[in-house]
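*Asks:*
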Ligand SMILES: Nc1ncnc2c1ncn2[C@@H]1O[C@H](COP(=O)(O)OP(=O)(O)O)[C@@H](O)[C@H]1O
Ligand SMILES: [Mg+2]
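Residue numbers (my numbering): 28 to 398.
(1) Taking residue 92 as part of the alpha helix (DSSP H), name the residues at either end of that continuous run.
(2) Please state if the CB of residue 96 and the CB of residue 47 are separated by a distance shorter than 8 Å.
(3) Can you tell which of 322, 307 and 196 has its C-alpha closest to the C-alpha of residue 159?
(4) With respect to the beta strand (DSSP E) encompassing residue 115, which residues constitute its N-terminal and C-terminal limits?
(5) Does the beta carbon of residue 184 fall short of 7 Å from some heavy atom of ligand 1?
(6) Looking only at its chain, what residues have a beta carbon closer than 6 Å to the beta carbon of residue 87, apart from the 5 residues adjacent to it on each side?
(7) Below 8 Å between beta carbons: does that hold for residue 272 and residue 143?
(8) Whose C-alpha, out of 290, 282, 301 and 246, is nearest the C-alpha of residue 268?
(9) Please report the Cβ distance between residue 153 and residue 58, rounded to the nearest whole angstrom; I am assuming they are in contact, meaning their Cβ atoms lie under 8 Å.
(10) Let me make sure I understand the geometry here. Which of 337, 319, 333 and 336 has the alpha-carbon closest to that of residue 348?
(11) Is the beta carbon of residue 346 within less than 7 Å of some heavy atom of ligand 1?
(12) Given that a residue counts as buried once 16 or more other Cβ atoms are within 10 Å of its Cβ, and exposed if not, what is residue 354?
(13) Hey, quick one: how far does the beta strand (DSSP E) through residue 213 stretch, first residue to last?
(14) Can you pull the DSSP bridge partners for residue 368?
(15) Using CA coordinates, which residue listed in 111, 60 and 239 is at the minimum distance from residue 76?
(16) Indicate whether residue 44 and residue 78 have their beta-carbon atoms separated by less than 8 Å.
(17) Using 8 Å as the threshold, is the C-beta distance between residue 156 and residue 185 below it?
(18) Tell me, which residues are paired with residue 333 by DSSP?
(19) Indicate the three-state DSSP secondary structure (helix, strand or coil) for residue 374 in the structure shown.
(20) Please indicate yes or no: does the CB of residue 365 lie closer than 7 Å to some heavy atom of ligand 2?
(21) Please state if the CB of residue 345 and the CB of residue 373 are separated by a distance shorter than 8 Å.
(22) Answer yes or no: the CB of residue 156 versus the heavy atoms of ligand 1, is any distance below 7 Å?
(23) Can you name the start and end residues of the beta strand (DSSP E) that residue 169 belongs to?
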């Protein structure tokens, strides 16, 4: 916890901690979220800094290296004469470790769908729907049959991104998905009344999502991508409990705050035994609209580093580009508007990496593949 209000010297300590990088990386321990407690107090007349670190790594040796480096950075401060640093090293939970536990999923809910992949983020506005939409279109362009389910109860944006305004038809008590840009699309936005209050309580959320899962005539699909609401709340939990998810893909921007949130999302999926297929970095660098050259406004490769530390695959990055915003607003995802362009190729690479991972996971746990 940041307790900078307690003692003005704590701000100096935080600043010093930001100069300590994780062994072998350029990122510092504060931005990784490894600093858990900071306190400054006078003890026997000496200004003492006490710092607690909790570090996710498979390498137990990192603890000692970090402790020494942190103590050195702290005592170098002229206001601090003593440093007490404790480091707790926690090995990241590997999906394999949790394999034995079965998910209480109902396989009949999504019969005929080969892989169900959740697109998640710890935070809103990082481009989760943009990534879900373009990835879905790309998978379709690659010849797969693809569905996209927009389960974001807080801000369903897939109808806008696909330029669909109509309401879905109901046949044999099933909602018919729309088919656009080669993708079968269903959204909570189609079935929600615009006046429905945003603050949905647990049971209502669960009901809506169950309906989206059970009452849509998806037909046979290779992939169903699910655009989840941001965060780790009821909607995500229902989904992870009800659907035999083949895996989850985490979208993050390179900034530290978003990455800390992505880390929480990742921890949630691992806790409920859903394999995390990897991380996608969105808005990584700015693509110049004139020459296409990418310049890095935020830290370069933040998600790549976090993926490394958290022991999951980095699936690829998508730069910030006004063409992507336009695509979203015009209802034609950039991959559909320009199937041979740089973005389409980048999404293609992400799609290929995702397919590899999902197949690997399915092999490990065959019950996850509903055929
Ligand atoms: N790579 C990108 N380049 C430029 N704008 C983007 C990019 N990704 C997303 N956006 C824009 O950012 C906004 C938020 O994206 P969205 O996909 O709706 O985020 P989320 O689903 O995570 O809330 C949208 O206006 C979208 O067009
Ligand atoms: Mg969204």
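For every residue, glycine included, the Cβ atom is placed at its ideal position computed from N, Cα and C.
*Replies:* Let's see:
(1) Boundaries of the alpha helix (DSSP H) around residue 92: 89-102.
(2) Less than 8 Å separates the beta-carbon of residue 47 from that of residue 96.
(3) Among 322, 307 and 196, the Cα nearest to that of residue 159 is on 307.
(4) Residue 115 -> beta strand (DSSP E) spans 109-117.
(5) Because some heavy atom of ligand 1 lies under 7 Å away, the Cβ of residue 184 counts as near it: yes.
(6) In its chain, beyond the 5 residues on either side, 116 have a beta carbon closer than 6 Å to the beta carbon of residue 87.
(7) Yes. Within cutoff.
(8) Cα-wise, what sits closest to residue 268 is 301.
(9) Not quite, the Cβ-Cβ distance comes to about 17 Å (not below 8 Å), so this is no contact.
(10) Ranking 337, 319, 333 and 336 by Cα distance to residue 348 puts 319 first.
(11) In this structure, ligand 1 has a non-hydrogen atom nearer than 7 Å to the beta-carbon of residue 346.
(12) Residue burial is scored here from C-beta neighbours: residue 354 has at least 16 other C-beta atoms within 10 angstroms and is therefore classed as buried.
(13) That run of the beta strand (DSSP E) goes 210-214.
(14) Answer is none; residue 368 lacks a bridge partner.
(15) Closest in C-alpha terms to residue 76, from the list 111, 60 and 239, comes 111.
(16) In this structure, residue 78 lies closer than 8 Å to residue 44 by Cβ.
(17) For residue 156 and residue 185, yes; Cβs fall inside 8 Å.
(18) In the DSSP assignment, no residue is bridged to residue 333.
(19) Collapsing the DSSP output to three states places residue 374 in a helix.
(20) In this structure, ligand 2 has no non-hydrogen atom nearer than 7 Å to the beta-carbon of residue 365.
(21) Taking 8 Å as the Cβ cut-off, residue 373 and residue 345 qualify as a contacting pair.
(22) Yes; taking the cut-off as 7 Å, the Cβ of residue 156 has a heavy atom of ligand 1 nearer than that.
(23) Judged by DSSP secondary structure, residue 169 falls outside any beta strand (DSSP E); it is assigned neither H nor E.
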